[in-house]
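Colleague: In terms of the numbering used here, the sequence shown opens at residue 12 and continues consecutively.
Every residue, glycine too, gets a C-beta built ideally from N, C-alpha and C.
Pasting a structure here, questions to come.
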Amino acid sequence: MIIEQSNQLLRYLWRGIWRMNPQEHKVYLTFDDGPNPETTQQVLDILNRYHIKATFFCVGDNVRKYPEEFAKLSANGHIVGNHTMHHLRGFSTPKQTYLDDIAEANSYIHSELFRPPHGRIHWNQLRALRKQYKIVFWDVITRDYNAKLPPERIIRIVKHYTRNGSIIVFHDSLKAKRNLLGALEPSIQWLIAQGYTFGTLDELLNTK
């Protein structure tokens, strides 16, 4: 399905990072929209239980509001990325406003990784951001933010679409809390049973 795993045309048109090395039996867990005191710590507890490191694309305003939660990410060995200051949609935001918002977020986050909220970004924004950031999209989006879906559906999405090199998106937000906490650990258990190892997206920073 185009929502859960975008087609090759979209990947060609928006030339960011959609998938890591397809030759490696390895996946990359990522979490968007945090940090959040009601969800992020529970995610960290689950990841620590399985000795997994992940990449968190943080909203700058959440980092500003919850600096202690943000500090826990690096303290636990995870990688952080920029997800704008105010979770802006690129399609409906003027270029300079969008770039300024990202710069403000980076004053808190300090990362060369960027993921556009909703995957919505104009070409002119993308071209400008490439000078400073690795632009990361995803190979599998779990749709855990959709309250109409049960956790069991989120787990099935992971099982159906995950493949070598998949960048998998969950959300450590209040909106996604029920599905995130219901689906994350069973998904990890399944990935481990399939023999996958887990990577973090700082690997991209060695490929400039």
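1. Would you mind stating whether P127 and G101 have Cβ atoms separated by less than 7 Å?
2. Using a 10 Å radius around the Cβ and a threshold of 16 neighbouring Cβ atoms, would you call W29 buried or exposed?
3. By the three-class DSSP mapping on this structure, what secondary structure does V54 have?
4. Quick check: the segment 84-101 against the segment 125-144, are at least 3 beta-carbon pairs closer than 8 Å?
5. Please determine, among L160, I166, I203 and H133, the residue with the shortest C-alpha to C-alpha distance to L223.
6. Hey, out of K106, P33 and L21, whose CA is closest to S177's CA?
7. Nearest to D213 by CA position, among R75, S85, R26 and R60, is which residue?
8. Considering Cα atoms alone, identify which of Y23, F42, L58 and L20 is closest to Q200.
9. Identify the residues that DSSP records as bridge partners of S177: which are they?
10. Helix, strand or coil for D213 per DSSP?
11. Among H121, S184, P162 and L21, which has the Cα closest to the Cα of H98?
12. What do you reckon, are the CB atoms on D186 and Y156 nearer than 7 Å?
13. On the criterion of 16 or more Cβ atoms from any shown chain inside 10 Å, does S198 qualify as buried, or is it exposed?
14. Within the continuous beta strand (DSSP E) that includes F68, where are the two ends?
15. Measuring CA to CA, which of L24, D112, G206 and I63 is closest to G88?
16. Between H182 and D44, is the Cβ-Cβ spacing less than 7 Å?
17. So what does DSSP say about L21, is it helix, strand or coil?
18. Please name the residue or residues paired with H39 in a DSSP beta bridge.
19. Measure the C-alpha to C-alpha separation of K219 and R26 and round it to an integer number of angstroms.
20. Of the choices M96, E35, I152 and Q52, whose alpha-carbon is the least far from that of A82?
Modeller: Reading it off the structure:
1. Sequence index remark: in the sequence shown, residue 127 carries index 116 (1-based). Sequence index remark: in the sequence shown, residue 101 carries index 90 (1-based). Going by C-beta atoms, P127 is nearer than 7 Å to G101.
2. Sequence index remark: in the sequence shown, residue 29 carries index 18 (1-based). By the Cβ-count criterion, W29 is buried, with 16 or more other Cβ atoms from all chains shown falling within 10 Å of its own Cβ.
3. The count along the sequence shown starts at 1 and reaches residue 54 at position 43. Collapsing the DSSP output to three states places V54 in a helix.
4. Contact annotation: the segment 125-144 touches the segment 84-101, with at least three C-beta pairs closer than 8 Å.
5. Outside the displayed span of the chain (12 to 219) sits residue 223, for which this structure offers no information.
6. Position 166 of the sequence shown, counted from the start, is the residue given in the question as residue 177. The residue among K106, P33 and L21 with its C-alpha nearest the C-alpha of S177 is P33.
7. For this step, residue 213 is matched to residue 202 along the sequence shown. Cα-wise, what sits closest to D213 is S85.
8. As a position in the sequence shown, residue 200 is number 189, starting the count at 1. Q200 has its Cα closest to that of L58, out of Y23, F42, L58 and L20.
9. The residue labelled residue 177 in the question sits at position 166 within the sequence shown. Answer is R30, bridged to S177.
10. Numbered from its first residue, the sequence shown carries residue 213 at position 202. D213 carries a helical assignment under DSSP once its states are collapsed to helix, strand and coil.
11. Within the sequence shown, residue 98 is the residue found at index 87, counting from 1. Residue nearest to H98 within the set H121, S184, P162 and L21 is S184 (criterion: CA-CA distance).
12. Along the sequence shown, one-based indexing puts residue 186 at 175. Along the sequence shown, one-based indexing puts residue 156 at 145. The sequence shown places Lys at residue 186, not Asp. In contact: K186 and Y156 (Cβ atoms closer than 7 Å).
13. Residue mapping note: residue 198 aligns to position 187 of the sequence shown, counting from 1. S198 comes out buried.
14. The residue given as residue 68 occupies position 57 in the sequence shown. For F68, the enclosing beta strand (DSSP E) begins and ends at T66 to C69.
15. Mapped onto the sequence shown, residue 88 falls at position 77. Per the Cα distances, I63.
16. Residue 182 sits at position 171 when you count from the first residue of the sequence shown. Residue 44 sits at position 33 when you count from the first residue of the sequence shown. Closer than 7 Å, so yes.
17. As a working note, residue 21 is residue 10 in the sequence shown. Looking at L21 - three-state DSSP - the assignment turns out to be helix.
18. As a first step, residue 39 must be located in the sequence shown, where it is residue number 28. This sequence places Tyr at residue 39; His is not what is there. In DSSP, Y39 forms a bridge with I178.
19. Reading the sequence shown from its first residue, position 208 is the one you call residue 219. Reading the sequence shown from its first residue, position 15 is the one you call residue 26. Reliability fails at K219, whose pLDDT of 44 lies under 50, so the model's placement of it is uncertain and no value is given.
20. Here the question's residue 82 lines up with position 71 in the sequence shown. Among M96, E35, I152 and Q52, the Cα nearest to that of A82 is on Q52.
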